[in-house]
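Enquirer:
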Amino acid sequence: MTEASASRPVKVLVYSDDVNTRQQVILALGRRPHPDLPELEYVEVATEPVVLQNMDSGTISLAILDGEAVPAGGMGIAKQLKDEIYECPPVIVLTGRPQDAWLATWSRAEAAVPHPIDPIQLAEAVIGLLRPSVPATS
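Set out below in structure tokens:
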């Protein structure tokens, strides 16, 4: 592993109005979901304005948005981010059920994971999206 990848964690924004949902995501992924990736640093967010502020900062590498959040759902926020942020980082939307994955397509999210959160499915989505953007480690 290179010095740079070891010292700089990847920032992952986790948005939900429900603290339990945010904790489920963080516990499902852990600090390092794959040996090829650097550690993850989580930015927990409960409101849409703070999501936008963090995403505008340019420091977030991946956003995981709860599609069931109230009053602003993750799919609407994902669409806004993709429309407004040049080279927007990848977005995963947590859907209410597997059948809602087509809605995530509308939002332009790169992946959708249904509730209840399956740690393996979430980790596979995160690894698939972060691996191409993170320099290879040895």
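For the sequence shown, the positions run 7 to 144 when our numbering is used. Glycine included, each C-beta is placed from N, C-alpha and C at the ideal position.
Taking buried to mean at least 16 other C-beta atoms within 10 Å of its own C-beta, is serine 63 buried or exposed?
Expert: Exposed: under 16 other Cβ atoms inside 10 Å.
Enquirer: Using 8 Å as the threshold, is the C-beta distance between glycine 80 and aspartate 89 below it?
Expert: It is not a contact, given that the beta carbons lie outside the stated cut-off.
Enquirer: Distance check for glutamine 105 and threonine 65, CA to CA, integer angstroms please.
Expert: Answer to the nearest angstrom: the Cα atoms are 32 Å apart.
Enquirer: Going by other Cβ atoms of all chains shown within 10 Å of its Cβ, with 16 needed for buried, is tyrosine 92 buried or exposed?
Expert: Under this definition tyrosine 92 is an exposed residue.
Enquirer: Which same chain residues, not among the five before or five after glutamate 74, have their C-beta less than 6 Å away from its C-beta?
Expert: If we look at glutamate 74 and ignore the five residues flanking it on each side, its Cβ neighbours are Gly102.
Enquirer: Just tell me which of Asp124, His121 and Val97 has its CA closest to the CA of threonine 111.
Expert: Closest option to threonine 111, Cα to Cα, is Val97.
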